[in-house]
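> Under the working numbering, the letters of the sequence shown match residues 15 to 174, in that order.
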Amino acid sequence: MDSSDRKAYVAGLRVLGRREVSTAQLRQRLERQAYDPADIDAALARLQAEHALDDRRTALACARSEVRLKGRGPARVRLRLRALGLDPALVDETLRAVFGDEDERSLVERALDRRLRQGTLSDPATERRLHRFLLGQGFSPSLVRDVLRHRRAGDAPGDD
15 MDSSDRKAYV AGLRVLGRRE VSTAQLRQRL ERQAYDPADI DAALARLQAE HALDDRRTAL
75 ACARSEVRLK GRGPARVRLR LRALGLDPAL VDETLRAVFG DEDERSLVER ALDRRLRQGT
135 LSDPATERRL HRFLLGQGFS PSLVRDVLRH RRAGDAPGDD
């Protein structure tokens, strides 16, 4: 590894030291810093070989954060992962791994509970607003309608 390769490698390590990023994101950052494309390729290859840069780990960390901390659904998580520049097959694999462990209905109910402090749907305008919010969070329209219908009927969350 020559001096210019090393500089790109060290710059990559600095970025990764601050936060987990995808290979595509790191490539963009190094390109913006005007490193030679060959040096960027060498730096990325070394970082991947050392497991400092791992798209699978990045995808899982991002997806788990989106689901567990932000309460997002599959469609929204898919958009977020694609925005990281991840391979579509890896995105699909990650969604299966993350949502295989989660009950999507309970995620919708938790998101609804956080948004609706009183626990009741007081009027049609509130219900429409919550419907739009839950769709925007990436949940399926049929599941959102079902959860809102049960909540409107006075069923406890999770009852069928």
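All C-beta atoms in this analysis are idealised placements derived from N, C-alpha and C, irrespective of residue type, glycine included.
The structure presented is a predicted model; accordingly, all values stated were derived computationally and were not measured.
#1: At what residues does the alpha helix (DSSP H) containing Gln47 begin and finish?
#2: Do the segment 78 to 91 and the segment 48 to 62 make contact, defined as three or more Cβ pairs closer than 8 Å?
#3: Please determine, among Gly150, Leu30, Leu100 and Ala125, the residue with the shortest C-alpha to C-alpha distance to Val161.
#4: Is Asp55 helix, strand or coil when you go by DSSP?
#5: Does the segment 93 to 105 come close enough to the segment 60 to 79 to have 3 or more Cβ pairs within less than 8 Å?
#6: Comparing C-alpha positions only, which one of Gln151, Ser156, Arg165 and Arg159 sits nearest to Arg82?
#7: For the candidate residues Asp55, Leu121 and His65, whose alpha-carbon lies nearest to that of Gly31?
#8: Drop a sphere of 10 angstroms on the beta-carbon of Asp137, count the other beta-carbons inside from all chains shown, and report buried for 16 or more, exposed for fewer.
#9: Suppose contacts are defined by Cβ-Cβ distances below 9 Å. Is Leu130 in contact with Arg166 by that definition?
#10: Can you tell me whether Leu162 is helix, strand or coil according to DSSP?
Walking through what the data contain:
#1: Position 33 of the sequence shown, counted from the start, is the residue given in the question as residue 47. Element bounds for Gln47: n/a, residue is neither H nor E.
#2: Cβ pair count under 8 Å is below three, so no.
#3: The residue given as residue 161 occupies position 147 in the sequence shown. The candidate whose alpha carbon is nearest that of Val161 is Ala125.
#4: As a first step, residue 55 is located in the sequence shown; it is residue number 41 there, counting from the start. Secondary structure of Asp55 (DSSP, three-state): helix.
#5: Contact between the segment 93 to 105 and the segment 60 to 79 is present: 3 or more CB-CB pairs across the two stretches fall below 8 Å.
#6: As a first step, residue 82 must be located in the sequence shown, where it is residue number 68. For the residues Gln151, Ser156, Arg165 and Arg159, the minimum Cα distance to Arg82 belongs to Gln151.
#7: Here residue 31 refers to the residue found at position 17 of the sequence shown. Closest by alpha carbon: His65.
#8: Here residue 137 is taken as the residue at index 123 of the sequence shown, counted from 1. By the 10 Å Cβ count, Asp137 comes out exposed.
#9: In the sequence shown, counting from the first residue as 1, residue 130 sits at position 116. In the sequence shown, counting from the first residue as 1, residue 166 sits at position 152. No, Cβ-Cβ distance for Leu130 and Arg166 is not below 9 Å.
#10: The count along the sequence shown starts at 1 and reaches residue 162 at position 148. For Leu162, the three-state secondary structure derived from DSSP is helix.
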